[in-house]
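Only one structure is covered here, and it is reproduced in the block below.
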Amino acid sequence: MSVVALRKCLPARRTARVLYRAINTEVKSKVEADGMQPVETRKMNLFTAVNDALDLAMKQDDEVILFGEDVKFGGVFRCAVGLNEKYGNERVFNTPLCEQGIVGFGIGVAAAGAIPIAEIQFADYIFPAFDQIVNEAAKYRYRSGNEFNTGGLTIRTPYGAVGHGGLYHSQSPEAFFCHAAGVKVVVPRSPSQAKGLLLSSIFSPDPVVFMEPKWLYRTSVEEVPLGDYRIPLDKAEVVREGMDVTLVGWGAQIKVLEAAADMARDKLAISCEIIDLRTLSPWDEDTVAMSVEKTGTL
Amino acid sequence: MLFHRLVQTAVRRGIGVPTYRTFCSQLSQFDSAQQLQKAKASKPKDVLSPRQENDRPSTTYDFTTHLEIVDPTKDPVIPAYRVMDTNGTLLRGSERDLLLDEKSIVKMYHTMGEVAALDHILMQAQRHGRVSFHMQNAGEEALQVGSAAALEPQDHIFSQYRELGVFLWRGFDMQQVAHQCLSNAEDLGKGKQMPMHFGCGKLNMYTISSPLTTQLPQAAGCAYALKRRNTDACVMCYFGDGAASEGDFHAAMNFASTLDCPVIFFCRNNGWAISTPVSEQYRGDGILSRAKGYGMKGLRVDGNDMFAVHEATREARKYAVNQSRPVLIEAMSYRRGHHSTSDDSTTYRLSEELDWWAHNDCPAKRVRLHLEKRDVWDSEMEAEMRTMHKKKVLKCLGTAEKTLKPNISELFTDVYAEMPERLKRQQNDLEEHLKKYGTEYNLSKYQS
């Protein structure tokens, strides 16, 4: 039943609430599908969860390869620890120090039908690769009439403030890529989200820029389910339900929004709804629209 | 055991005795300082300590007490390989050494003729408003067909935009060329790009894009993926002298060499990048001299000598496939046409220069003279061929003009693998708009 139809037969707020449950049902992870057995988890921080996702991806498909600067010894943020030892130099390797090369090379690997994971050491250094990402990766399928595509490509990069990073180790450049239709931009807020979203990104038929909040690499710790599970792309998640105002965010900022929402509840008696977009482009307009119809304030 | 493996790698790569620093880079599994200290203490005595030799790079070199700032302009200019002179006479060896039978040579000459015919007519068509844009290939037919004929169907090809002969040789026929140039519904690219931006999955020819040189690092990556599959294939990557100045050239050469990618980087050095002559494009000895800097093999070839280009590409391909190594070919040629239909090269170069190349070093004429010397060709056959090609091109152009443009809804397809909601809504909005205001648009041109 469409939003418009429902709106005609129910009062506004109730419509929103009813549809909420319907549209915002999280696609359950593979491991939790039956809901009966307790899921085996392990305490992981964000970089360990990313490492786990990379390991699972490489284990299940020989065409998955991982490369970038300093990836071989485990990466400067330890996301690739143990992978070179496990999968060898052919699949996990260092590239020369050249971001336009890393992404250009990755596009070629993807265009040939393989599944490259290209790491850009800091999002602050992604700009030399901007041409390849915007003019090439994003447009490969469209401009070729679907004769070719770079769906196998995932570009992973740590982004965001970390306290001491200054101008060049703290940038959040995700918005630049949101204006390049054809490439998806995905940002996880926690270890369990990172693992599921990264696995979805790696095996997505579209090129993905996956921005990992470096602030959370060590500070965010969760019980993360073991085994392969996917979190759908293009879907936002309502992290906290509320009635008075909708807060939309992503990545490391979700924790800040939660803290602000707690203060609003305690000091101002305002109930906040918090939405994590997860995929910034294309973003889940329906979930946000539903929420704003309920709260009236974005 | 780890160190033993390291020494083996070092010896194989010829980097001499590994330094202590290299040894330490393998110790990623040690995440405690104590473990690292223990490993350091156990290193063999003959490993050089970084404290003894500062910043020694991984290549071996001697020391000298002679101070000289080396001048590369003192090196001899690298000669271009040539097999046939400008009058079609073989300079050494016999016809058998060409490894091409008469039938093949005639077929290659025919393809060069097709390029010329398409070029000439599409150029005129643009001036008459029948086609929006065209880029000529005049002067580069030999390097296009000669190189393409040395490749195998399983090789993957990345192009720039002046490789029409390569597409035709591979099987991208005249009709498909016309469809793409008219951006109609039969275009494999669904009418989404400017003319001459071909691509064909079946022929392993990646769709051309306007940004220069972006295809080079992609070619290296593609070659890496093909190498991993143990295919008997290489990647061929065309680009021009101007494109070689872009950063992506450096990135590609470095990656291909460090990662052992079986790719042939084929530079069409035609002397001009729009209005910029090569004297303003680089200061070194062309593009080939750069290969050395990347530890890459390469050669320079007379790009207007179809046989030399063919042989050079054949040898380069063998090397790339057997050794899984990249190689650079610099084909020296001349751009006889304007950069494109948006350019008028008479504003920056003399007609005398064009005349010189037309009369003294014409790639098509050289092959024709060679064939005539072998009594396999004459002026009657030439006239016949030209008429046939002209007819065929005009027919293909006519067919393409009569073919409708793609359905307007194709504006929204293939942005992503699956169309997202937002685009579906936009597509619907446009449909609604056209239902209301369709008469304001020339909808009859489009497939419905």
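Protein sequence lines correspond, in order, to chains A and B.
Just so we're aligned, residue 1 is where the first sequence starts under the numbering used here, counting upward by one.
Just so we're aligned, residue 1001 is where the second sequence starts under the numbering used here, counting upward by one.
Cβ coordinates follow ideal geometry from the N, Cα and C atoms, glycine included.
Query: Restricting to Cα atoms, I'd like to know which of B:N1442, B:G1438, B:L1411 is closest to Q1427 (chain B).; Result: B:L1411
Query: Does any CB atom of chain A fall closer than 8 angstroms to the CB of S1209 (chain B)?; Result: yes
Query: Kindly list, in the order they appear in chain B, the residues whose Cβ is closer than 7 angstroms to that of S144 (chain A).; Result: G1189, G1199, T1207
Query: To the nearest angstrom, how far is it from the Cα of K294 (chain A) to the Cα of E1432 (chain B)?; Result: 29 angstroms
Query: List in chain order: all unbroken beta strand (DSSP E) runs of 3+ residues lying wholly within the segment 1169-1204 of chain B.; Result: none
Query: DSSP three-state call for D276 (chain A): helix, strand or coil?; Result: strand
Query: With 8 angstroms as the threshold, decide whether the Cβ of N135 (chain A) is near any Cβ in chain B.; Result: yes
Query: Listing by chain order, which chain B residues have their CB less than 9 angstroms from the CB of C98 (chain A)?; Result: P1217, G1247, H1250, A1251, N1254, F1255
Query: Quick one: list the residues of chain A neighbouring L1299 (chain B), beta-carbon separation under 8 angstroms, in chain order.; Result: Going along chain A, no residue has its Cβ under 8 angstroms from L1299 (chain B), so there is no contact; the nearest lies around 24 angstroms.
Query: Are the C-beta of R141 (chain A) and some C-beta of chain B separated by less than 8 angstroms?; Result: yes
Query: Which residues in the same chain have their Cβ closer than 7 angstroms to the Cβ of I126 (chain A), if we skip the five residues on either side of it in sequence?; Result: E99, I120, T157, P173
Query: Counting Cβ pairs closer than 8 angstroms, one from the segment 1082-1098 of chain B and one from the segment 1365-1381 of chain B, do we hit at least three?; Result: yes
Query: When the cut-off is 8 angstroms and only beta carbons count, does L1354 (chain B) lie next to chain A?; Result: no
Query: Which residues, in order along the segment 189-218 of chain A, keep a beta-carbon less than 9 angstroms from a beta-carbon of chain B?; Result: S204, P205, D206
Query: What does L1164 (chain B) pair with, by DSSP beta-bridge criteria?; Result: The partner list for L1164 (chain B) (beta bridge, DSSP) is empty, contrary to what the question assumes.
Query: Expressed to the nearest angstrom, what Euclidean distance is found between the alpha-carbon atoms of S1333 (chain B) and V1415 (chain B)?; Result: 38 angstroms
Query: Could you give the first and the last residue of the continuous alpha helix (DSSP H) run that contains D1355 (chain B)?; Result: 1351-1360
Query: Does DSSP put P116 (chain A) in a helix, in a strand, or in coil?; Result: strand
Query: Show which residues of chain A have a CB atom less than 7 angstroms away from the CB atom of L1226 (chain B).; Result: A112
Query: Out of curiosity, what's the CA-to-CA distance linking V109 (chain A) and I115 (chain A)?; Result: 7 angstroms
Query: With L1143 (chain B) and R1336 (chain B) assumed to form a contact (beta carbons below 8 angstroms), what rounded beta-carbon distance in angstroms separates them?; Result: With a Cβ gap of about 13 angstroms, L1143 (chain B) and R1336 (chain B) do not count as contacting.
Query: I need the boundaries of the beta strand (DSSP E) containing T1231 (chain B), first residue and last residue.; Result: Looking at the DSSP string, T1231 (chain B) is not in any beta strand (DSSP E), and its letter there is neither H nor E.
Query: By the three-class DSSP mapping on this structure, what secondary structure does S1444 (chain B) have?; Result: helix
Query: If you follow the beta strand (DSSP E) that V187 (chain A) is part of, which residue opens it and which one closes it?; Result: V187 (chain A) -> no beta strand (DSSP E), and no H or E assigned at all.
Query: Tell me which same chain residues have a C-beta within less than 6 angstroms of the C-beta of C1024 (chain B), skipping the five on either side of it?; Result: Low confidence applies here, because C1024 (chain B) scores a pLDDT of 38, under 50, leaving its location unreliable; read the following figure in that light. Around C1024 (chain B): no qualifying Cβ.
Query: Does DSSP put R1130 (chain B) in a helix, in a strand, or in coil?; Result: coil
Query: Anything in chain B within Cβ reach of F130 (chain A), meaning under 9 angstroms, just list it in chain order.; Result: Ordered by position in chain B, no residue passes the 9 angstroms Cβ test against F130 (chain A), which lies about 11 angstroms from the chain.
Query: To the nearest angstrom, how far is the alpha carbon of M243 (chain A) from that of E273 (chain A)?; Result: 7 angstroms
Query: Please list, in chain order, all residues of the same chain as Q1029 (chain B) whose beta carbon is under 7 angstroms from its beta carbon, the five residues on each side excluded.; Result: Low per-residue confidence applies at Q1029 (chain B): pLDDT is 46, beneath 50, and the placement is therefore not dependable, though the value from the model is reported in the following sentence. Closer than 7 angstroms at Cβ, skipping near neighbours: no residue.
Query: Here's the rule I'm using: 16 or more other beta-carbon atoms within 10 Å means buried, otherwise exposed. How should S1094 (chain B) be labelled?; Result: exposed
Query: Counting C-beta neighbours from all protein chains within 10 Å, is the total for A1456 (chain B) 16 or more, i.e. buried, or is it exposed?; Result: The structure shown does not extend to residue 1456 (chain B), since chain B spans only 1001 to 1448, so no value can be given for it.
Query: Consult DSSP for M1 (chain A) and reduce its assignment to one of helix, strand or coil.; Result: Bear in mind that the predicted position of M1 (chain A) carries a pLDDT of just 43, short of 50, making it unreliable; the figure below should be weighed with that in mind. Residue state, collapsed to three classes: coil.
Query: Tell me V245 (chain A)'s beta-bridge partners as DSSP assigns them.; Result: A:C272
Query: Rounded to whole angstroms, what's the CA-CA distance from M1194 (chain B) to K1390 (chain B)? Just pull it up for me.; Result: 23 angstroms
Query: Candidates A:S271, A:R42, A:T41, A:A53: which alpha carbon is nearest I231 (chain A)'s?; Result: A:A53
Query: Since V1415 (chain B) meets chain A, which of its residues come closer than 7 angstroms, beta carbon to beta carbon?; Result: Y142, A181, G182
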